[in-house]
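Residue numbers for the sequence shown follow our numbering, beginning at 88 and rising by one. Every residue, glycine too, gets a C-beta built ideally from N, C-alpha and C. Fair warning: this is a prediction, and the values are worked out from it, not measured in the lab. Quick notes on the structure that follows.
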Amino acid sequence: MTDDNEPTDEPAAAKDAKILNEISKRASNSLQKYASKKSMIDETNYDISFEKLYKMVTLTNPSVVLVIDNPDVAKILQLIRTGFNAEFENINREIINDYPNYYPTDEPLAVVENSINYQLNYIDLTQLAKITGVDVTNVNAVRLDFRFNFVVRFKSLETTVPVTISYVLTGNAKIVNDLLSGVVAKVAKPIVNYFNQIKSIKIDSNQDFKKLYDNFDIIYTNNYEELDTIVMHKLNELIKIDDDLAPFKDKITFVFSERMLNLVSASITEAAAGNAAGSNAVFDLVANRTTAKWSGEGFNPNQLTGQNFLNFYRSVMPIFQTNKGILQLGSFNVNLLKVQVAGFPLSGVVADNNNQNLNVSVEVSDQGLNKKLTNFGNIIAAFNKYYRIETYLPGKRSIFHVPTNDFDKIKTYLKSSGDLKKMWSILEASFKKLSYANGLEDLNLFYLGESYKALTTNAMLYYIDGNDNMLYPNASYKLGVTSGGNVYWTFDYRFGVDKDSSFIYSVYSGYWTSFGIIRE
88 MTDDNEPTDE PAAAKDAKIL NEISKRASNS LQKYASKKSM IDETNYDISF
138 EKLYKMVTLT NPSVVLVIDN PDVAKILQLI RTGFNAEFEN INREIINDYP
188 NYYPTDEPLA VVENSINYQL NYIDLTQLAK ITGVDVTNVN AVRLDFRFNF
238 VVRFKSLETT VPVTISYVLT GNAKIVNDLL SGVVAKVAKP IVNYFNQIKS
288 IKIDSNQDFK KLYDNFDIIY TNNYEELDTI VMHKLNELIK IDDDLAPFKD
338 KITFVFSERM LNLVSASITE AAAGNAAGSN AVFDLVANRT TAKWSGEGFN
388 PNQLTGQNFL NFYRSVMPIF QTNKGILQLG SFNVNLLKVQ VAGFPLSGVV
438 ADNNNQNLNV SVEVSDQGLN KKLTNFGNII AAFNKYYRIE TYLPGKRSIF
488 HVPTNDFDKI KTYLKSSGDL KKMWSILEAS FKKLSYANGL EDLNLFYLGE
538 SYKALTTNAM LYYIDGNDNM LYPNASYKLG VTSGGNVYWT FDYRFGVDKD
588 SSFIYSVYSG YWTSFGIIRE
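Rendered as structure tokens:
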């Protein structure tokens with residue numbers, strides 16, 4: 088039983104994220120154990136013929152997607168889903184029993200029904216026989232991959248976890264088990280050893296993964312392709328130098344559609360990374376994060392420092408309020424289904440030395456995190472100094488002082504379009520061309536952007552004042568917004584591997600007359 092009232096020095100948001108992580112990891116481990124136990128479906132145990140399945144895939148036509156309304160496969164797919172549903176409900180009940188106060192009516196786990204996919208795959212038994220020495224005369228076997236996503240919820244937090252369960256369907260279970268044992272014993276050894284050695288990956292100190300730190304590639308909810316690529320590269324190297332695998336290395340393949348690492352939980356979601364888009368809440372948030380909060384109102388270059396930004400940013404970002412000295416970025420299961428030998432999956436997940444499912448933790452040290460965020464702050468400070476940006480708390484106002492060349496470019500574009508995106512790209516490009524900006528560490532990770540939610544499909548238009556020296560929002564033109572409607576947007580500083588996978592510091596809000604650009 089988990090004590091939900093257990094005292095802790097952790098902030099509430101960090102504690103909730105930790106519990107979500109624990110529930111997600113628990114559910115994933117339970118499903119992986121189920122997958123390992125139920126990976127073989129023996130035709131002789133059921134009053135269902137698999138004969139048509141065996142004929143659906145061949146060496147030249149190795150895979151086919153199955154649909155449940157096909158009468159040739161409906162009973163088999165229903166058999167699989169029924170067994171899975173029973174296990175999934177058991178996992179749900181166990182979690183509810185341990186967290187009864189948080190799930191009075193809802194369940195912590197839910198399958199995303201439109202994510203379900205069944206794929207039948209060919210297994211080259213002849214090649215496997217050569218590798219293992221097992222006689223496969225008159226043996227039939229195919230692989231059925233059951234893929235789906237499930238959502239994990241705790242309070243207002245949720246995360247989505249992808250799962251693949253691979254079943255081997257056969258009428259010769261003993262012989263196929265002998266094949267699997269022989270293949271796993273030979274091929275899985277270097278993989279198991281590698282992951283048993285690296286249970287935690289510290290990206291700022293592990294040279295194999297330093298690229299992730301250098302690019303601040305640490306948001307894994309939607310994409311962790313680079314992390315997976317690094318792991319695959321390392322495993323390829325280990326397989327190449329393993330003499331025991333030499334006779335059949337050309338039969339070892341990695342399934343493109345599978346990840347080597349399956350995400351169990353990610354600490355940093357889009358919301359946790361600072362994306363503030365959304366109605367009135369945006370303006371409350373921006374008021375609490377505006378540059379004036381850490382550099383003072385107006386323009387105060389002496390207060391615009393990376394250290395001041397670091398102290399402030401970590402204090403207002405719940406994900407950074409940790410007292411552990413390490414920020415866990417993600418937890419992953421090692422997925423042996425990624426590896427196939429002649430179409431035969433290495434079932435299950437890698438186990439540690441205690442025969443428990445192995446979770447690999449990806450982390451960054453407090454020192455490494457501070458270094459990156461200080462670099463982010465140094466760039467923001469330099470940007471503010473170049474454009475002499477004034478910020479004021481009343482009305483959440485901000486004023487940019489822009490060189491004539493950039494001002495004219497922005498004016499021309501806004502007259503024809505009214506979209507804010509080009510304005511930010513002009514300011515960003517001009518800043519990055521400066522000689523002193525080029526000396527700023529991690530400038531390549533810095534972007535400008537905007538987040539806006541509105542009752543309209545476009546950003547607001549800008550008004551050009553009579554003397555042609557100021558741009559500011561046009562309060563009289565609402566782009567078709569209904570009476571009383573408003574346009575909401577925020578101006579963002581972004582920092583990360585790319586503009587869409589970055590930490591976001593939403594700092595200036597647009598609410599009619601709260602933003603202005605003055606010609607210098």
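- Message: If contacts are defined as beta-carbon pairs under 8 Å, then E537 and W511 qualify, I think. What distance do you get, rounded to the angstrom?
- Response: Indeed they touch by this definition, with Cβ atoms about 6 Å apart.
- Query: Which term fits E130, buried or exposed, when burial requires 16 or more other beta carbons within 10 angstroms of its beta carbon?
  - Reply: The residue is buried, with at least 16 neighbouring Cβ atoms inside 10 Å.
- Message: Assuming N184 is part of the alpha helix (DSSP H), what are its boundary residues?
- Response: That run of the alpha helix (DSSP H) goes A161 to D185.
- Query: Which residue or residues does DSSP assign as beta-bridge partners of P158?
  - Reply: When DSSP reads this structure, P158 sits in no beta bridge, so it has no partner.
- Mind the definition here: the stretch 468-475 touches the stretch 514-532 only if three or more C-beta pairs lie below 8 Å; say whether that holds. They touch, by the three-pair rule.
- Own chain, CB closer than 8 Å to Q394, minus 5 neighbours either side, in chain order: Within its own chain, the residues whose Cβ lies closer than 8 Å to the Cβ of Q394, once the five positions on either side in sequence are excluded, are T461 and G464, listed in chain order.
- Task: Specify the secondary structure class of Y205 as computed by DSSP and reduced to three states.
- Result: Assigned with DSSP and collapsed to three states, Y205 falls in strand.
- Task: Pull up the distance between the alpha-carbon of A173 and that of F343, whole angstroms please.
- Result: If you take the alpha carbons of A173 and F343, they lie about 30 Å apart.
- In whole angstroms, what is the alpha-carbon distance linking L325 and L521? Rounded to the nearest whole angstrom, the CA to CA distance from L325 to L521 is 45 Å.
- Query: What distance in whole Å lies between the Cβ atoms of F386 and R484, which are believed to be in contact at a cut-off of 8 Å?
  - Reply: Approximately 12 Å separates the beta-carbon atoms of R484 and F386; this is outside 8 Å, ruling out the contact.
- Query: Would you report the Cα separation of T219 and L332, rounded to the nearest angstrom?
  - Reply: In this model, T219 and L332 are separated by some 12 Å (Cα to Cα).
- Query: DSSP three-state call for V223: helix, strand or coil?
  - Reply: The answer is coil: DSSP assigns V223 none of H, G, I, E or B.
- Message: Threshold first: 4 residues or longer. Then list the alpha helix (DSSP H) segments lying entirely within the stretch 257-339, N to C.
- Response: Annotation: the stretch 257-339 contains the following complete segments of the alpha helix (DSSP H) (minimum length 4 residues), in chain order: 260-284, 297-301 and 312-327.
- Leaving out five residues before and five after D159 in sequence, what residues of the same chain have Cβ atoms less than 7 Å from its Cβ? If we look at D159 and ignore the five residues flanking it on each side, its Cβ neighbours are K139.
- Could you tell me if the beta carbon of D265 falls within a distance shorter than 7 Å of some heavy atom in the ligand NAD? Of the ligands one can find in the structure shown there are none, so the ligand NAD has no counterpart to examine.
- Item | Euclidean distance between Cα positions of K425 and K261 | Cα atoms of K425 and K261: separation of roughly 24 Å, rounded to the nearest angstrom.
- So is I135 buried or exposed if we call it buried at 16+ other beta carbons inside 10 Å? I135 is exposed by the Cβ-count criterion.
- Task: Note the first and the last residue of the continuous beta strand (DSSP E) segment covering N188.
- Result: Boundaries for N188: no beta strand (DSSP E) harbours it, and the DSSP string shows neither H nor E there.
- Taking R38 as the reference, which of K336, I317, I290 and F335 has the closest Cα? No information on residue 38 is available, as it lies outside the stretch 88 to 607 that the chain covers here.
- Query: Buried or exposed: where does G412 fall if 16 or more other Cβ atoms within 10 Å of its Cβ makes it buried?
  - Reply: By the 10 Å Cβ count, G412 comes out exposed.
- Query: Among residues of its own chain, excluding the 5 on either side of L535, which ones have a beta-carbon nearer than 8 Å to its beta-carbon?
  - Reply: Here the set comprises W511, S512, L514, E515, F578, D579, Y580 and R581.
- Item | Cutoff 6 Å; reference S589; Cβ partners in own chain excluding five residues on either side | Counting only Cβ-Cβ distances below 6 Å, and skipping sequence neighbours, we find R581, F582 and G583.
- Item | Nearest residue (CA-CA) to F431, options K105, T213 and Q165 | The option with the nearest alpha carbon to F431 is T213.
- Query: Which of the three DSSP states, helix, strand or coil, is assigned to Y400?
  - Reply: Three-state result, Y400: helix.
- Cα-Cα separation between A216 and F303, rounded to whole angstroms: So the two alpha carbons sit approximately 46 Å from each other.
- Given that a residue counts as buried once 16 or more other Cβ atoms are within 10 Å of its Cβ, and exposed if not, what is N108? With a threshold of 16 other beta carbon atoms within 10 Å, N108 meets it and is buried.
- Message: Short of 8 Å in beta carbon distance, which residues of its chain neighbour Y300, apart from the five on each side in sequence? Order them along the chain.
- Response: Same-chain partners within the cutoff: I290, D291, V451, G455 and K459.
- Under the assumption that S123 contacts V248 (Cβ atoms under 8 Å), give the Cβ distance between them as a whole number of angstroms. Taking a contact as a CB-CB distance under 8 Å, the pair S123 and V248 does not count as one, their CB atoms being some 17 Å apart.
- Message: Give me the residue from D453, L416 and L146 with the minimum Cα distance to T308.
- Response: For the residues D453, L416 and L146, the minimum Cα distance to T308 belongs to L416.
- Task: Take T491 as the anchor and find which of I466, I604 and F533 has the nearest alpha-carbon.
- Result: Ranked by Cα distance from T491, the options I466, I604 and F533 are led by I604.
- Helix, strand or coil: which one does DSSP assign to M557? Of the three classes helix, strand and coil, the one that applies to M557 here is strand, per DSSP.
- Where L414 falls, given that 16 or more other Cβ within 10 Å makes a residue buried: Buried is the call here.
- Message: Tell me the rounded alpha-carbon separation between S448 and F396.
- Response: Computed Cα separation, rounded: 28 Å.
- Query: How many angstroms separate the CA atom of L391 from the CA atom of Y523?
  - Reply: When rounded, the distance between both Cα atoms is 16 Å.
- Message: For V594 and K242, what's the separation of their Cα atoms in angstroms?
- Response: Between V594 and K242, the C-alpha separation is close to 28 Å.
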